[in-house]
Amino acid sequence: MNTPIVPPWMSNLDDDDFTFIKKFLLASGSMKEVAAEYGVSYPTIRLRLDRLIQKIRLGERTESDPYITLVKRLAVDDKLDFDTAKILITAYRSQTNHDSKTTP
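Residue numbering for the sequence shown follows the working numbering, starting at 162 and increasing by one per position.
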């Protein structure tokens, strides 16, 4: 019996994401067709696809800092806007780099 190996990028995806991917593939990548199936507009599907791409990219990156991973995940899950996430990460990195330079 073979044990399926799940790639790390898939760990950030939920059931709704997998359903969307399946519908997108079965529609041969036609966002217009997927929009009709979901009963929403093309821009809504475009936004959903963009967020899914961001989730996958986040899953591909191995971030060593749990705080940065958390902030990125909150942004991808639309619980925090991306501009605020960038500000938080930049400030955090600048603070932690400053702290590491001043500590012996």
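For glycine and all other residues, C-beta sits at the position ideal for the given N, C-alpha and C.
I'd like to check one pair, residue 233 with residue 246: are the Cβ atoms closer than 8 Å? Residue mapping note: residue 246 aligns to position 85 of the sequence shown, counting from 1. Residue mapping note: residue 233 aligns to position 72 of the sequence shown, counting from 1. Yes, the Cβ-Cβ distance between residue 246 and residue 233 is below 8 Å.
Under the three-state DSSP convention, the category residue 183 falls into: Along the sequence shown, read from residue 1 onward, the residue named residue 183 stands at position 22. DSSP places residue 183 in helix when its eight states are reduced to three.
Any contact of the region 166-179 with the region 211-221, i.e. 3+ C-beta pairs under 8 Å? yes
Is it true that the CB of residue 213 sits closer than 8 Å to the CB of residue 178? In the sequence shown, counting from the first residue as 1, residue 178 sits at position 17. In the sequence shown, counting from the first residue as 1, residue 213 sits at position 52. Result yes, Cβ atoms of residue 178 and residue 213 sit closer than 8 Å.
Could you check the C-alpha separation between residue 191 and residue 198 for me, to the nearest Å? Position 30 of the sequence shown holds residue 191. Position 37 of the sequence shown holds residue 198. Each residue's Cα considered, the two are about 11 Å apart.
Boundaries of the alpha helix (DSSP H) in which residue 231 is found, first to last residue: Residue numbering aside, residue 231 sits at position 70 when the sequence shown is read from its first letter. Start and end: 227-237.
Cβ neighbours of residue 184 in the same chain (closer than 7 Å, five flanking residues each side left out): As a first step, residue 184 is located in the sequence shown; it is residue number 23 there, counting from the start. Only 195 and 198 meet the Cβ criterion.
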